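Engineer: Questions regarding the structure given below will be posed in turn.
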Amino acid sequence: QMGTSEARGGGEDTAHVDAIASHSSAVASPSRTASAKPVGVVDGGVRPVSPSAPHPPPSSSSSSPQIRRAGPSAAPPADAERQLRDRVLRLERLLADREQQLRAVSDNQTMTQVSLRSALARREKDMEALRKETEERDRANAAETERLVRAEAAREARELRQRLASDGARLGRIVHTRAGMRTVESWESGHASRALRRRREESAERRAELERRQKAARRAVKRFRSEAGGADGGGSSDAARQSADGSEETAGEIGGFQHVTDGLDAMEAEESVRAHLQTLRRKEEELAEEERSLKAEKESHIRELKRVASEDSSRFKSRPKLHDRYIPLSLLGRGGFSEVWRAYDLIKLCEVAVKIHQLDPRWSDSKKQNYTKHVSREYEIHRQVRHPRIVSLFDVFEIDEDSFATVLECCGGTDLDTVLKERRNLPERDARAVLLQILSGMRYLSSPSSDGERQGIIHYDLKPGNILFDKYGDAKITDFGLSKIVETTDPGDSMELTSQGAGTYWYLPPECFFTHQNVRISNKVDVWSIGVIYYQVLFGRRPFGEGQSQDNVFNNNIMLNAREVEFPSKPEVSDDAKKFIRLCLTYDQSFRPNIAQLCSNPYLQLKKL
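Note that our numbering has the sequence shown beginning at 1121, numbered continuously upward.
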């Protein structure tokens, strides 16, 4: 601080610190002055004097040399030298103070850096410990989640099998018997079906009895009326009458009724029988409804039995963790070369559907490559689409060299095919709601994206089994295994059909069965499929080939001859619905609307049905 204050007192000193610092050692002491460069004082400052500069001539009044002053009065040489030494000393002290301050700052910086490094090291150590603790906690949570998921899946499987065993006594069970070298599968009815059959037989016997008594009562009424004009009612004293079935009936017993002595008794007997028949008719309707309900319950029971049998025979029945994140919970369905499992995602903590594709080890390499290429193409198509009415694709991974899997959105509900098996058909308003949701997804699917990233797609395999429902009952389209990409920007353009024989024949249009060359198709194929689906949802049956196998549909040219669609009288549907279906099922595809045109149909805008 002293050096700083002195520097502030002499501003001209601090202005020349750098110039004087190089000469400070020359003037620090008298012994060093002789070897230093000459200096001069100019305007109170200090400047070096060049050794080669000539000395001023001696004054006439004095023989000693004079130092030129810049000020108005010249100082003696001794004073100038003393002042110069004082200034140099002050500058040296100032430089020393500056160096000390710089060392202090440097020391402070070093200490700060050391402190920061130490704090950073401690923080990194704490972060590493926290990271390890978090990882350990996450591993523990994941392990506990996996344990709970497996325990819940095992509990559900155990309770399901117990329920199936319990329901088997009531609904029936599948039995296997040996017939020579073959095992024959048959159905053994449960006690509910047997009881229902007995009640049906009793109802039939009761109806036959009541109808017999009704006929007898009617004959008696006619007889009493014809004899009403006879003397003394002699007609009622006849010994016996022959009934229509050959049995004898006395005058006092008509159709099982005692004490029938006149026309009034006969009328009362007839009305009583009529009332009994009405009661029986209501009971028969209730019995028929109970039978339909039992049939639907039995079919669901059979499907569940077969599903459980497939699950127990699957290679994934032990529920191994797939791709280090998916836990299989229950088998949803099995196809020719694939299984679909309801699974739990340990990372996203939600349920998903894992479709496992399995290659037969006995296949040739070319067949394996073709199948893999087919599934990869399905994945490439499916991964491009994102829409609320289309099942989402999340992931694809390999299990081993002969199997791989795709991870799909788990809808949580059933499919339209199961709904129709349970309910047979839907009311028109409910059916149209499903239709609108299907069309919403198909309009998106058939139209290329505006950025050119996604082209138009022909689904080619629309059917009730590929219409899934989520837990809220909303429809979603799935299964793009047979889908085709339209390579042009116009969604209405056609493309050559290269996969004749594939698909579900009841839902394919006639052009898919043409055998001549260069058959071209467009999304009008899906329009036909939508028409068939809507017909089936409304009437509980397909418009063409109902009750026939897929082979018969193909061999008998059912779809090639599907020129006219006929509608049953029951259930009743609106004429607008029939007109819409006829439009979808137009035989000539050149007159059939495409998806975009179908979506603008007035029937879809009607508020009242």
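A virtual CB, placed ideally from N, CA and C, is assigned to each residue, including glycine. In this text, all values refer to a predicted model and were calculated from it rather than measured experimentally.
1. Nearest to Phe1687 by CA position, among Thr1254, Arg1283, Phe1659 and Pro1568, is which residue?
2. For Phe1434, which option in Leu1451, His1443, Leu1726 and Ala1595 has the closest C-alpha, if you only look at C-alpha atoms?
3. How big is the Cα-Cα spacing for Gln1717 and Phe1514?
4. Measure how close the beta-carbons of Ile1597 and Ile1558 come, nearest whole angstrom, since I'm counting them as under 8 Å.
5. Could you give the distance in angstroms between the alpha-carbon of His1296 and the alpha-carbon of Glu1308?
6. Going by DSSP in three states, Leu1582 sits in which element: helix, strand or coil?
7. Relative to the C-alpha of Arg1683, which residue among Leu1703, Gly1310 and Asn1675 is closest?
8. Is the stretch 1518-1531 touching the stretch 1470-1484 in the sense that three or more CB pairs, one from each, lie closer than 8 Å?
9. Over what stretch of residues does the beta strand (DSSP E) that includes Lys1475 continue unbroken?
10. If you compare alpha carbons, which of Ile1653, Asp1671, Arg1339 and Ala1328 is closest to Arg1401?
11. Return the Cβ separation of Leu1280 and Val1428 in integer angstroms, given the expectation that the two are a contact with Cβ distance under 8 Å.
12. Asp1537 and Ala1579 - do their beta-carbons sit closer together than 8 Å?
13. Given Gln1709, which residues of its chain have a CB within under 7 Å of its CB, disregarding the five upstream and five downstream residues?
14. Have a look at Leu1240 and Gln1220 and give me their C-alpha separation to the nearest angstrom.
15. Which first and last residues belong to the beta strand (DSSP E) in which Arg1298 is found?
16. Could you give the uninterrupted runs of the alpha helix (DSSP H) lying entirely in the stretch 1666-1722, keeping only those of 4 residues or more?
17. Under a three-way DSSP split, which group does Val1304 fall into?
18. Tell me Asp1520's beta-bridge partners as DSSP assigns them.
19. Going along the chain, which unbroken runs of the beta strand (DSSP E) with 3 or more residues stay wholly within the stretch 1494-1575?
20. Would you kindly check if the distance between the Cβ of His1636 and the Cβ of Gly1561 is under 8 Å?
21. Are the stretch 1460-1472 and the stretch 1319-1328 in contact at 8 Å, needing three or more beta carbon pairs?
22. Quick check: what's the CA-CA separation for Asp1696 versus Leu1469?
23. Decide if Leu1584 is buried, meaning its Cβ has at least 16 other Cβ atoms within 10 Å, or exposed.
24. In the structure shown, what three-state DSSP assignment does Trp1648 receive?
25. Taking the continuous alpha helix (DSSP H) assigned at Phe1664, which residues delimit it?
26. Could you tell me if Phe1344 is buried or exposed, where buried requires 16 or more neighbouring beta carbons within 10 angstroms of its beta carbon?
27. Below 8 Å on the Cβ atoms is my contact criterion, and I expect Pro1663 with Asn1545 to pass it. Report the Cβ-Cβ distance as a whole number of Å.
28. Let me check understanding here. Comparing Cα to Cα, which of Lys1475, Trp1483, Ser1486 and Ser1484 lies closest to Glu1498?
29. Ala1551 and Tyr1654: beta carbons closer than 8 Å?
30. In terms of DSSP beta bridges, what is Pro1629 paired with?
31. Only counting the same chain, and skipping five residues up and downstream in sequence, which positions put a Cβ closer than 7 Å to that of Val1269?
32. In the DSSP assignment, what residue or residues form a beta bridge with Leu1756?
33. Closest to His1311 by CA distance: which of Arg1454, Asp1287 and Cys1719 is it?
34. Hey, could you find the ends of the beta strand (DSSP E) Leu1588 is sitting in?
35. Between Gln1334 and Arg1412, which are expected to be in contact by the criterion C-beta below 8 Å, what is the C-beta distance as a whole number of angstroms?
36. Determine the closest residue to Arg1318 out of Pro1440, Asp1444 and Glu1404, with distance taken between C-alpha atoms.
Structural biologist: In short:
1. Phe1659
2. It should be noted that the sequence gives Ser, not Phe, for residue 1434. The candidate whose alpha carbon is nearest that of Ser1434 is Leu1451.
3. 32 Å
4. 7 Å
5. 10 Å
6. coil
7. Leu1703
8. yes
9. Cys1470 to Gln1478
10. Ala1328
11. 7 Å
12. Note on identity: in this sequence residue 1579 is His, with Ala being the wrong assignment. Taking 8 Å as the Cβ cut-off, His1579 and Asp1537 do not qualify as a contacting pair.
13. Pro1629, Glu1631 and Lys1644
14. 29 Å
15. Gly1292 to Ala1299
16. 1670-1675, 1695-1704 and 1715-1719
17. strand
18. Ser1523
19. 1513-1520, 1523-1529 and 1532-1535
20. no
21. no
22. 46 Å
23. The sequence given here places Pro at residue 1584; Leu does not occur at that position. Buried: at least 16 other Cβ atoms inside 10 Å.
24. helix
25. Here Phe1664 belongs to no alpha helix (DSSP H), and DSSP marks it neither H nor E.
26. buried
27. The pair is not a contact, with the Cβ atoms about 13 Å apart (cut-off 8 Å).
28. Lys1475
29. yes
30. Paired residue(s): none; Pro1629 is not in a bridge.
31. Ile1447 and Tyr1464
32. Outside the shown range of the chain, which is 1121 to 1729, sits residue 1756, and nothing can be said about it.
33. Asp1287
34. Ile1587 to Asp1590
35. That pair is no contact at about 28 Å.
36. Glu1404
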